[in-house]
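Residue numbers (this note's numbering): 3 to 140. For glycine and all other residues, C-beta sits at the position ideal for the given N, C-alpha and C. Please read the structure below before turning to the comments.
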């Protein structure tokens, strides 16, 4: 699996991302661009807070997404996932092998280590991850 990492600084209208989250193994409402944009910019004014989201692709297909916020505090750069939500963390494509998920995490961790002083990530609870009959209705 050859992966490329992309960062985006605003969510705007990204139908491809919205569709990916809804069809992912562990994404949900709290990861969608529409939900994450709800409080901005009133709650998270710039320049202290800036969108900083990771999209991981295999060729042109999104296989991973981590929503986040760059926070400038004192002289530190802090990455926080989630922001304005209960949970964030890595959202990934269904039916990936452990090694593939490990590679997704490594790609993002590499960027976090290079670009931030600290990182705080709260992944979704396992009850929200598929296959889950409570979430999927199946």
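Under the rule that 16 or more other beta-carbon atoms within 10 Å means buried, what is residue i, buried or exposed?
i	result
residue 38	buried
residue 68	buried
residue 95	buried
residue 108	exposed
residue 31	exposed
residue 49	exposed
residue 24	exposed
Got a sec? Which residues, its chain only, sit under 6 Å from residue i by beta carbon, not counting five neighbours each side?
i	result
residue 22	64
residue 125	91
residue 76	none
residue 121	81, 114
residue 59	6
Which value, in whole angstroms, describes the spacing of the CA atoms of residue i and residue j?
i	j	result
residue 33	residue 17	13 Å
residue 81	residue 56	11 Å
residue 116	residue 105	17 Å
residue 61	residue 88	31 Å
residue 134	residue 35	The predicted model places residue 134 with a pLDDT of 44, which falls under 50 and marks its position as unreliable; any figure quoted below should be read in that light. One C-alpha to the other measures close to 23 Å.
residue 29	residue 12	19 Å
Can you list, in chain order, the residues of its chain with a C-beta nearer than 8 Å to that of residue i? Leave out the 5 residues immediately preceding and following it.
i	result
residue 113	7, 9, 56
Among the residues of its own chain, which have a CB less than 7 Å from the CB of residue i, if the five just before and after it don't count?
i	result
residue 100	none
residue 103	94
residue 74	49, 50
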